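The next block holds one structure in the form of structure tokens; read it before the comments.
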Amino acid sequence: MAGRIEDYALIGDMQTAALVCRDGTVDWLCLPRFDSHAIFAGLLGTEEHGFWRLGPAHAADSQPPTAARRTYRGDSLILESEWDTPRGTVRVIDFMPPRDGAPQLIRIVEGVTGRVPMRSVLRMRFSYGRVVPWVHKHDGRTVAVAGPDSVWFDTSAETYGKSLTTYADFTVAPGDRIAFTISWEPSHKQPPALPEPEQSLQATEDFWREWVEHCTYHGPYREAVVRSLITLKALTYAPTGGIVAAPTTSLPEDIGGVRNWDYRYTWLRDAAITLSSLLRTGYREEARAWREWLLRAVAGDPENLQIMYGIAGERELGEAELDWLPGYENSAPVRVGNGAAHQLQLDVYGEVTEALHLAHMTGLARNDYASLLQLKLIRYLEDHWDEPDEGIWEVRGPRRHFVHSKVMAWVAVDRTIKLIESGDADGPLERWKELRDDIHRDVCERGYDKERNTFTQSYGSQELDASLLLIPQMGFLPPDDKRVIGTIEAIQRELSTPDGFILRYPTSGGEEGVDGLPGDEGAFLACSFWMADDLAMIGRVDEARKLFEKLLALRNDLGLLAEEWDPRLKRQVGNFPQAFSHVPLIDTALRLTASGAYGG
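Count the sequence shown with the working numbering and you get residues 1 to 600, in order.
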């Protein structure tokens, strides 16, 4: 059985990622890309669907021991786990070197004290656990082959096969270092080069140290901010600059329920806000790469802008269900692909325009096509902003006139007006100023409940929605506007969990709600960070700081956050780790630092 979501550590090479549990088991790894088929899919099923455990030997009828301590080595993505056993202490170092050849997952076992018996259990199952590969020896190396894929296993330890699984039993003493490496290569090509684990370890440590040195944030929350930045970097697909929302699929928002989605793609919204955080902390190269990815993905067709694309800009992300996988803690179905790719979500135009605006304002070198794209997006919005859509939360129920979508359409027009006024683009300035005023007026008249003094989720609705917290952050209304304060207070009253975190919107338990789905979900972590931001903006800075620090306490021991927090089960839920949680963490830390609202 897979561990709790927060029991996992992330390692990766900026092209794919693995999740490592506290007991030393890799339960999730897709090769060679984030969105490739998994060779270890035990996270979404059982051990029969693939895993790699490396840790102290234990009796066959007992649970594997969990590490007594684990940490990332400094500001890096190198995981170090230590076990204290009756026979001594042992350390396992897990990492994936930024690749210049075959993707590799390297595990180095290091003896610390005593003599500790160890065991490696490697069960490769291709195609998300469905295909058992042909495992054989080739020039002294172990290779697993199935269809287009081959995975090469290299170690100095003696290995043997049993029950379609590769084992190694060995003992380590102080100072011993035994390395294990798996490398992927297309099966029709020559074998990958023999790994050099120690040199790769040093190169990986150097890479992360040099990357973190560019961070311009040095405030009181630096540890949390840097770990979030490293996580966002790890979710960036280096060859193209695309940023995945998370490295996993189908980790449930509702344990045992159907709210299970594939997040291994680039959402324009998530990527745009990630870009914002990177720019504000000194990472201009990542911003430039994302802008280039955006321009390639959208190409000359902004009228058919998708809300998400593949990590190389692919448009077709057809959704399918993997019925041979029972799902994480029996949360079925397991989905790959994402049918929401072709939804209409008008807020995306605002998110993209805001990101391009911020890149322009922070001095990123001018790109004429980026300005042209921005103008084309507004011309599309001129004719479509007043249509209903599926909104920021990708509802699978009927389209509605979501207030947040209209606010972000206003943002798109407003930022484009600013671009024209700066002299860096030409457009019908007066006409678009009128459009900006029309959208603003429409939202304030049709999306605001005067009796309750709050904006609502959609026109004509009584429901609230946490995305309304972005109204002051986007500059749609000033923070001291009574309608903004009323909305913040209404969301606190009606969408707060007992422990003070914020739900996205009301769900309906066993019935289908506004999102067209049965079941409930946890507190959406981004929304709770937005609440902390808003509280700081309206002067309730002590309350904002307390909420922010409560949110920081939800991170796992390695500083990682999933999409949501289940207040009933007191555990993280949803895909993990989630960019849409780590980005607002950074943003709130920056705001609180600027306001001086932090503890001693």
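Positions of the beta carbon are idealized from the N, C-alpha and C atoms, including for glycine.
These numbers come from a predicted model, not from an experiment.
Say whether the region 188 to 197 touches the region 248 to 261, bearing in mind that this needs 3 or more beta-carbon pairs closer than 8 Å, one atom from each stretch. With fewer than three CB-CB distances shorter than 8 Å, the region 188 to 197 does not count as touching the region 248 to 261.
Notebook entry, point to check: If you drop the 5 nearest sequence neighbours on each side, which residues of the same chain put their C-beta closer than 6 Å to that of V131?
Noted result: Residues A146 of the same chain have their beta carbon placed closer than 6 Å to that of V131, with the five preceding and five following residues left out of the count.
Under the rule that 16 or more other beta-carbon atoms within 10 Å means buried, what is L294, buried or exposed?
By the 10 Å Cβ count, L294 comes out buried.
> Can you tell me the Cα-Cα spacing of R415 and K570, whole angstroms?
Replying inline: Approximately 41 Å between the Cα atoms of the pair.
- Query: For D139, does the count of other Cβ atoms within 10 angstroms reach 16, so buried, or fall short, so exposed?
  - Reply: The residue is exposed, with fewer than 16 neighbouring Cβ atoms inside 10 Å.
**Prompt:** When we look at the beta-carbon of R636 and count the other beta-carbons within 10 Å, is it buried (16 or more) or exposed?
**Reply:** For residue 636 there is no data in the structure shown, the boundaries of the chain being 1 and 600.
Output the distance between the C-alpha atoms of S581 and V403, rounded to the nearest integer angstrom.
Here the alpha carbons of V403 and S581 stand approximately 22 Å from one another.
Please report the distance separating the alpha-carbon of N330 from that of L275. Per the coordinates, the alpha-carbon of N330 lies some 35 Å from the alpha-carbon of L275.
- Based on the DSSP secondary-structure assignment, which residues constitute the bridge partners of H136? Answer is V143, bridged to H136.
May I have the straight-line CA-CA distance separating R400 from P388, to the nearest angstrom? If you take the alpha carbons of R400 and P388, they lie about 5 Å apart.
* Short Cβ contact (8 Å threshold) for W184 with P32 -> Contact: yes.
Check your understanding: Which whole-angstrom value is the C-beta distance of A224 and A589, which I expect to be below 8 Å?
Key -> About 6 Å separates the beta carbon of A224 from that of A589, a gap short enough to meet the 8 Å contact definition.
According to DSSP, W52 sits in a beta bridge with which residue or residues?
Per DSSP, the beta bridge partners of W52 are V26 and L122.
Exercise. Helix, strand or coil: which one does DSSP assign to H335?
Worked result: Note that residue 335 is Arg in the sequence shown here, rather than His. Of the three classes helix, strand and coil, the one that applies to R335 here is strand, per DSSP.
Determine the closest residue to D347 out of P398, T155, L468 and S156, with distance taken between C-alpha atoms.
Ranking the options by Cα distance to D347, first place goes to L468.
**Report entry** For A245 and G129, believed in contact at Cβ under 8 Å, the rounded distance
**Finding:** The pair is not a contact, with the Cβ atoms about 23 Å apart (cut-off 8 Å).
Own chain residues within Cβ distance below 6 Å of Y369, not counting five before or after: Answer for Y369: L295, listed in chain order.
Worksheet entry | S76 to Q202 span [Cα, whole Å] | Whole-angstrom Cα-Cα distance: 11 Å.
Original post:
Quick one, are the C-beta atoms of D35 and R99 less than 8 Å apart?
Top reply: Going by C-beta atoms, D35 is not nearer than 8 Å to R99.
Query raised in the report: Can you tell me whether DSSP reads W385 as helix, strand or coil?
Result: Of the three classes helix, strand and coil, the one that applies to W385 here is coil, per DSSP.
- prompt: Using 8 Å as the threshold, is the region 51 to 60 in touch with the region 78 to 93, meaning 3 or more CB pairs across them?
  reply: Output reads yes: the region 78 to 93 touches the region 51 to 60.
Review point. Taking Cβ to Cβ, would you say T248 is nearer than 8 Å to R335?
Key: Cβ distance not < 8 Å, so T248 and R335 don't count as in contact.
Alpha carbon to alpha carbon, how far is I230 from D154? Give it in angstroms, no decimals.
Straight-line Cα distance between these residues: approximately 28 Å.
| said: Let me check understanding here. Comparing Cα to Cα, which of N453, G363 and K406 lies closest to Q424? | reply: It is Asp, not Gln, that sits at residue 424 in the sequence shown. Nearest to D424 by alpha-carbon distance, out of N453, G363 and K406, is G363.
Classify D437: buried if its beta carbon has 16 or more other beta carbons within 10 angstroms, exposed otherwise.
D437 is exposed by the Cβ-count criterion.
Continuous alpha helix (DSSP H) assignments of at least 4 residues falling wholly in the region 204 to 235 = Counting only runs of at least 4 residues, the region 204 to 235 fully encloses the following alpha helix (DSSP H) elements, listed from N- to C-terminal order: 222 to 234.
For R546, which of helix, strand or coil comes out of DSSP? Before going further, note that residue 546 is Lys rather than Arg in the sequence given. In the structure shown, K546 sits in a helix (DSSP, three-state: H, G or I).
* Asked: What residues in its chain sit with their C-beta under 7 Å from that of D499, if we drop five residues either side in the sequence?
  -> Excluding residues within five positions, the ones whose Cβ falls inside 7 Å are P567.
- prompt: To which residues of the same chain is D94 closer than 6 Å at the C-beta, ignoring the five residues directly before and after it?
  reply: Result list for D94: I11, V20, L79 and R107, in chain order.
Notebook entry, point to check: What number of angstroms, rounded off, separates the C-alpha of R119 from the C-alpha of T113?
Noted result: The C-alpha of T113 is placed about 17 Å away from the C-alpha of R119.
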